[in-house]
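**Q** Got a structure for you, questions after.
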Amino acid sequence: MEKQFAVIGLGRFGTSVCQELYAMGHDVLAIDRSEEKVEFASDYATKAIVANGVDERTLKALGIRNFDYVVVAIGEHIQESVLATLLLKELGVSNVWVKASNAKHYRILEKVGADRIIRPEHEMGIRIAHLLDSTKVIDYIELSDEHSIVELAATEKIANKTIAQLNIRKKYHCTLIGYKRDGQLNIHLSPEEVIYENDLLILAGENSDLKRFEKKGLS
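By numbering that gives the first Met the number 0, the letter at position 59 of the sequence shown is numbered 58, and the numbering carries on one by one without gaps.
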């Protein structure tokens, strides 16, 4: 279903968000003070305008409260980012997602009511660290401080066994969401399905349980 998004701030992060949302078929309004950035983003947005994204009258004139989501992507300017978030919530925007540049910025945004706070460099750093930690980890998504989704390569130890035989949930308290084989994703699992070496298992659970399965279940 098509949604309406507004993105305030057209740096690398904001422009990437615009590009992906627009490619998905959504209605995207791109906002920045820089004519050069707006001109570049015009190919990747329904509408791109030169405007001050932290001016209350401007936001009202744009009908900002009618958008499903507003992304504040001016993380490098903390004061403007916080002000924009506060104004958007006061104007009645239901979902305000904000890029934070550091932990202090994150805490301030929490206090002024941001609905979701993104720290791209921090989140990518965690992801890369997990990929470096183990050759079995193909991908990693942090859900919370304690829970994650991880993509692990099936080893010879579990190859040619059925999902029922592996009994991952009972033994390791992890949930097998699906697996990839030859680039094809399968999420409709049955207990009789056989797992082969190098299948990519997609599991969710507590970090300690996922690590235990990685170390004991696969090695």
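Glycine included, each C-beta is placed from N, C-alpha and C at the ideal position.
Based on the DSSP secondary-structure assignment, which residues constitute the bridge partners of Asn185?
**A** Within the sequence shown, the letter at position 186 stands for residue 185. In DSSP, Asn185 forms a bridge with Tyr178.
**Q** Should Gly216 be labelled buried (16 or more other beta-carbon atoms within 10 Å of its own) or exposed?
**A** The count along the sequence shown starts at 1 and reaches residue 216 at position 217. By the 10 Å Cβ count, Gly216 comes out buried.
**Q** Is the beta carbon of Leu200 closer than 8 Å to that of Ala153?
**A** The sequence position of residue 153 within the sequence shown is 154, counting from 1. The sequence position of residue 200 within the sequence shown is 201, counting from 1. Taking 8 Å as the Cβ cut-off, Ala153 and Leu200 qualify as a contacting pair.
**Q** I need the straight-line Cα distance from Ala83 to Lys179, nearest angstrom please.
**A** In the sequence shown, counting from the first residue as 1, residue 83 sits at position 84. In the sequence shown, counting from the first residue as 1, residue 179 sits at position 180. About 42 Å.
**Q** Going by the DSSP bridge assignment, what does Ile157 pair with across the sheet?
**A** In the sequence shown, counting from the first residue as 1, residue 157 sits at position 158. None; Ile157 has no bridge partner.
**Q** Any idea what DSSP makes of Gly24, helix, strand or coil?
**A** Within the sequence shown, residue 24 is the residue found at index 25, counting from 1. In this structure, Gly24 counts as coil in the three-state DSSP scheme.
**Q** Leaving aside the five residues before and after Leu142 along the sequence, list all residues of the same chain whose C-beta is less than 8 Å from its C-beta, in chain order.
**A** Counted from its first residue, the sequence shown places residue 142 at position 143. Ile148 and Ala203.
**Q** DSSP three-state call for Glu196: helix, strand or coil?
**A** Here residue 196 corresponds to residue number 197 of the sequence shown, with the count starting at 1. Note: Glu196 maps to coil in three-state DSSP.
**Q** Report yes or no: is there a C-beta of chain C within less than 8 Å of the C-beta of Phe39?
**A** The question asks about chain C, but that chain is absent: this structure has only one protein chain.
**Q** What three-state label does DSSP hand Lys110 in the structure shown?
**A** Counting from one through the sequence shown, the residue named residue 110 turns up at place 111. In the structure shown, Lys110 sits in a helix (DSSP, three-state: H, G or I).
**Q** Check whether the region 60-74 touches the region 95-102, counting contact only when three or more Cβ pairs, one atom from each stretch, lie closer than 8 Å.
**A** Judged by Cβ distances under 8 Å, the region 60-74 makes contact with the region 95-102, as three or more pairs qualify.
**Q** Let me check understanding here. Comparing Cα to Cα, which of Ile194, Ile186, Val37 and Arg32 lies closest to Asn159?
**A** As a working note, residue 159 is residue 160 in the sequence shown. Answer by Cα proximity: Ile194.
**Q** What three-state label does DSSP hand Phe66 in the structure shown?
**A** Working through the sequence shown from its first residue, we reach residue 66 at position 67. If DSSP states are grouped into helix, strand and coil, Phe66 belongs with coil.
**Q** Tell me whether Ala60 sits in a helix, a strand or coil according to DSSP, three-state version.
**A** Numbered from 1 along the sequence shown, position 61 holds the residue referred to as residue 60. Helix.
**Q** Using the beta-carbon count (16 or more within 10 Å), is Val53 buried or exposed?
**A** Counted from its first residue, the sequence shown places residue 53 at position 54. So Val53 counts as buried.
**Q** Whether or not the region 159-179 and the region 113-122 are in contact is what I'm after, with contact meaning three or more pairs of Cβ atoms, one per stretch, closer than 8 Å; do they touch?
**A** no
**Q** Check each candidate in Thr45, Gly13, Ser189 and Thr174 and name the one with the smallest Cα separation from Asp31.
**A** Along the sequence shown, read from residue 1 onward, the residue named residue 31 stands at position 32. When only C-alpha atoms are compared, the closest one is Gly13.
**Q** To the nearest angstrom, report how far apart Pro119 and Thr161 are at their CA atoms.
**A** Here the question's residue 119 lines up with position 120 in the sequence shown. Here the question's residue 161 lines up with position 162 in the sequence shown. Distance between the alpha carbons of Pro119 and Thr161 is about 38 Å.
**Q** Using only the alpha-carbon positions, how far apart do Asn51 and Gln18 sit?
**A** Locating residue 51 in the sequence shown gives position 52, where the first residue counts as 1. Locating residue 18 in the sequence shown gives position 19, where the first residue counts as 1. Cα to Cα, the separation comes out at about 21 Å.
**Q** From Phe39 to Ser218, what distance separates their C-alpha atoms?
**A** To locate residue 39, count along the sequence shown from 1; it is residue 40. To locate residue 218, count along the sequence shown from 1; it is residue 219. Answer to the nearest angstrom: the Cα atoms are 49 Å apart.
**Q** Rounded to the nearest angstrom, what separates Lys2 and Lys214 at their Cα positions?
**A** Counted from its first residue, the sequence shown places residue 2 at position 3. Counted from its first residue, the sequence shown places residue 214 at position 215. Computed Cα separation, rounded: 43 Å.
**Q** Can you tell me the Cβ-Cβ gap for Leu90 and Arg64, rounded? I've got them flagged as a contact below 8 Å.
**A** To locate residue 90, count along the sequence shown from 1; it is residue 91. To locate residue 64, count along the sequence shown from 1; it is residue 65. The Cβ separation is near 5 Å, so the contact holds.
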